[in-house]
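Q: Sending over a structure as structure tokens; questions will come in a sec.
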Amino acid sequence: MILITGGAGFIGANFVLDWLAGCGEPVLNLDKLTYAGNLESLAALKDDPRHIFVHGDIGDAALVESLLQQYQPRAIVNFAAESHVDRSIHGPEDFIQTNVVGTFHLLQAVRAYWSGLADEQGAAFRFLHVSTDEVYGSLEPSDVAFTEATPFAPNSPYSASKAASDHLVRAYHHTYGLPVLTTNCSNNYGPYQFPEKLIPLIIHNALSGKPLPIYGDGLNVRDWLYVGDHCSAIRAVLAKGRVGETYNIGGCNEMANIDVVKTVCALLDELKPAAQPYAALITYVKDRAGHDRRYAIDARKIERELSWTPSETFETGIRKTVQWYLENQSWVEHVVSGAYQNWVDQQYGGGHA
Numbered sequence: 054m055i056l057i058t059g060g061a062g063f064i065g066a067n068f069v070l071d072w073l074a075g076c077g078e079p080v081l082n083l084d085k086l087t088y089a090g091n092l093e094s095l096a097a098l099k100d101d102p103r104h105i106f107v108h109g110d111i112g113d114a115a116l117v118e119s120l121l122q123q124y125q126p127r128a129i130v131n132f133a134a135e136s137h138v139d140r141s142i143h144g145p146e147d148f149i150q151t152n153v154v155g156t157f158h159l160l161q162a163v164r165a166y167w168s169g170l171a172d173e174q175g176a177a178f179r180f181l182h183v184s185t186d187e188v189y190g191s192l193e194p195s196d197v198a199f200t201e202a203t204p205f206a207p208n209s210p211y212s213a214s215k216a217a218s219d220h221l222v223r224a225y226h227h228t229y230g231l232p233v234l235t236t237n238c239s240n241n242y243g244p245y246q247f248p249e250k251l252i253p254l255i256i257h258n259a260l261s262g263k264p265l266p267i268y269g270d271g272l273n274v275r276d277w278l279y280v281g282d283h284c285s286a287i288r289a290v291l292a293k294g295r296v297g298e299t300y301n302i303g304g305c306n307e308m309a310n311i312d313v314v315k316t317v318c319a320l321l322d323e324l325k326p327a328a329q330p331y332a333a334l335i336t337y338v339k340d341r342a343g344h345d346r347r348y349a350i351d352a353r354k355i356e357r358e359l360s361w362t363p364s365e366t367f368e369t370g371i372r373k374t375v376q377w378y379l380e381n382q383s384w385v386e387h388v389v390s391g392a393y394q395n396w397v398d399q400q401y402g403g404g405h406a
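This is the structure in structure tokens:
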């Protein structure tokens, strides 16, 4: 059995579904079910005995310790995190509590559990920490892409909290010998993503006939990684990664935000045409505070060491994503609550550029 933390969130839920479909090894899924955690994403596993869900917080040391002793997982994959930059700007405390303090409590419990394992089990045990390329800061257009050796230079409360958690994980390996692995991924997209992030927000607003908000000039560049490719990369790192190492995971798809939005609009024009082209709804809004200009991932290390490369191009991945949202509007409507709408109004409601 493996323990997944944050397994009801966007990437975590995709990983749980992918893991059980691919190898069948049972999963213990611990999730706090904050606004972005959604058990509907795991509805297909409702009666599957291989999926054991526990509602709880990684910061609850007693709970984590009891789960480790009861289920004796051979590995832990830590997805649990507050992850939205905009929310971290408005309310950073939750990010510090979950991403830093929560990770600390989780590491403490895992170290105690791992220390009590028999030699062979202890040697095989892994703690895989899932992080972000945002810990590396921002790039200029001519800068080389982030490598695993790029110094950390986080620019938002979110990225600073993830950088702190990465440092803690590294320290627990070097100080205590805990067999850790860390992955730093680029921007994920795909099914089950909460519609505060760019791509599902654009799809949802477009289908609702609402403005499609674009920060600043829309030329901020991200490397887009289809979530299914991210899941396969994590599987590869967990199976074959060198203990103590970090692996950057990228989609090899650098695109400006405005080009992403126009691509989504063109797909919607094709798959669900409206009275006017969806791109007519594009609206430029005041830029995000401290908005990083460009992220880019150099993923040659994971390709060289673990023979992993992404399977999806942006063209194939974004088509799958748009089709999924069109076919799963009931999922979207259930997560788009009044609280969500209040957030969108607060974040994008004024300050047109």
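Each residue of the sequence shown is one higher than the one before, counting from 54 in the working numbering. All C-beta atoms, glycine included, are put in the ideal place defined by N, C-alpha and C.
Is P248 near H257, with beta carbons less than 9 Å apart?
A: Their beta carbons are under 9 Å apart, which means P248 touches H257 by this criterion.
Q: In whole angstroms, give me the CA-to-CA distance for K354 and G303.
A: Their backbone Cα atoms lie some 11 Å apart in a straight line.
Q: Please go through the stretch 112-167 and give each complete alpha helix (DSSP H) segment of 4 or more residues, from N-terminal end onward.
A: Listed in chain order, the complete alpha helix (DSSP H) runs (minimum 4 residues) inside the stretch 112-167 are 114-124, 138-143.
Q: Would you tell me roughly how many angstroms separate the C-alpha atoms of E356 and T362, rounded to the nearest one?
A: About 6 Å.
Q: R288 and N240 - do their beta-carbons sit closer together than 9 Å?
A: No, these two residues do not count as a Cβ contact at 9 Å.
Q: What's the C-alpha gap between H387 and L92?
A: The alpha-carbon atoms of H387 and L92 are separated by roughly 11 Å.
Q: With DSSP as the reference, please indicate the residues paired to R275 in a beta bridge.
A: According to DSSP, R275 bridges with M308.
Q: Going by Cα to Cα distance, which pick from G60, A352, S218, A349 is closest to H158?
A: The option with the nearest alpha carbon to H158 is S218.
Q: Please tell me whether S184 and K215 are closer than 9 Å, where the distance is taken between their beta carbons.
A: Yes.
Q: Assign I55 to one of three DSSP states: helix, strand, or coil.
A: Strand at I55.
Q: In angstroms, rounded to a whole number, what distance separates the CA positions of F280 and S119?
A: First, the residue type needs correcting, since residue 280 is Val and not Phe in the sequence shown. Each residue's Cα considered, the two are about 31 Å apart.
Q: Look at L95 and G60 and say whether their C-beta atoms are less than 9 Å apart.
A: Contact: yes.
Q: Among R179, T58, P207, which residue has its Cα nearest to the Cα of A133?
A: Of the listed residues, the one whose Cα sits closest to A133 is T58.
Q: Count the other C-beta atoms from every protein chain shown that fall within 10 angstroms of the C-beta of A406, then say buried if there are 16 or more, exposed otherwise.
A: In this prediction, A406 has a pLDDT of 29, which is less than 50 and means its spatial position is unreliable; nothing more can be read from the coordinates.
Q: Can you name the start and end residues of the beta strand (DSSP E) that L181 belongs to?
A: That run of the beta strand (DSSP E) goes 179-185.
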